[in-house]
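Chains as they are written, first to last, in the numbering used here: chain A, 3 to 20; chain B, 177 to 310. Idealized CB from N, CA, C, for every residue including glycine. What follows is a short report on a single structure.
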Amino acid sequence: NTNTIHFDNPVYQKTTED
Amino acid sequence: LEGMTFNLRHLGMTLVDQPKGEDLSAAAVKRIVATAKASGKKSEKVALKVSPQGIVLHDSLTNKLLEKVSIYRISYCTVDKLHDKVFAYIAQSTLNGTLECHAYLCSKRKVAQAVALTVAQAFTVAFELWQVAK
Chain A
3 NTNTIHFDNP
13 VYQKTTED
Chain B
177 LEGMTFNLRH
187 LGMTLVDQPK
197 GEDLSAAAVK
207 RIVATAKASG
217 KKSEKVALKV
227 SPQGIVLHDS
237 LTNKLLEKVS
247 IYRISYCTVD
257 KLHDKVFAYI
267 AQSTLNGTLE
277 CHAYLCSKRK
287 VAQAVALTVA
297 QAFTVAFELW
307 QVAK
């Protein structure tokens with residue numbers, strides 16, 4: 003089984019000031 | 177929304193040169209595990225709280241605040257393929273902007289998976305909140 007659990011963060015380096 | 181807390185052991189951290197990537201994180205975890213083993217010390221017990229605001233770490237014994245990592249500084253999280261009880265995340269340091277990979281040992285593979293899924297859920301909620309705020 004080569005399935006891995008990994009997630010990218012869609013708000014990385016984003017802020018509400020953008 | 178109010179957060180979920182997990183009791184883990186902090187294995188250590190290493191610098192990485194990219195914010196994400198399976199091979200990158202696998203290599204980083206390998207380095208951290210090797211260093212932790214070589215040190216011979218018991219890794220410190222921590223309470224890791226996950227919420228849409230980010231990750232907050234407290235020392236489990238003293239309850240001292242160790243670190244607050246804003247969700248906006250976390251780029252990636254994973255359960256290591258080789259060490260399947262190890263949860264890891266990559267975050268940008270507030271001090272100098274370098275990327276750090278932190279690894280935590282969980283009691284079971286299922287716990288490591290639950291931590292990663294909870295962080296992924298926090299990413300999703302934070303993204304929804306960010307879209308609304310925008």
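Item, Value
"Integer Cβ distance of B/V295 from B/C253, believed to fall under 8 angstroms", "4 angstroms"
"Outcome for B/D193 when other beta-carbon atoms lying within 10 angstroms are tallied against a minimum of 16", "exposed"
"Test item: CB-CB of B/S219 and B/L258 under 9 angstroms", "no"
"Extent of the continuous alpha helix (DSSP H) to which B/T211 belongs", "198 to 215"
"Identity of the residue in B/S251, B/R185, B/G197 nearest B/L242 by Cα", "B/R185"
"Start-to-end residues for the alpha helix (DSSP H) that takes in B/L187", "Careful: B/L187 lies outside any alpha helix (DSSP H), inside the beta strand (DSSP E) at 180 to 192."
"Rounded C-alpha distance that separates B/G230 from B/A298", "7 angstroms"
"Straight-line Cα distance separating B/K310 from B/V291", "28 angstroms"
"9 angstroms Cβ cutoff, B/V287 in contact with chain E", "This model lacks chain E altogether; the protein chains it does include are A and B."
"Separation of B/D235 from B/G216, as counted between CA atoms", "20 angstroms"
"Distance CB(B/K244)-CB(B/T181) smaller than 9 angstroms", "no"
"Residues bridged to B/S269 (per DSSP)", "According to DSSP, B/S269 bridges with nothing at all."
"Whole-number beta carbon distance between B/V205 and B/V262, since they are thought to touch under 8 angstroms", "6 angstroms"
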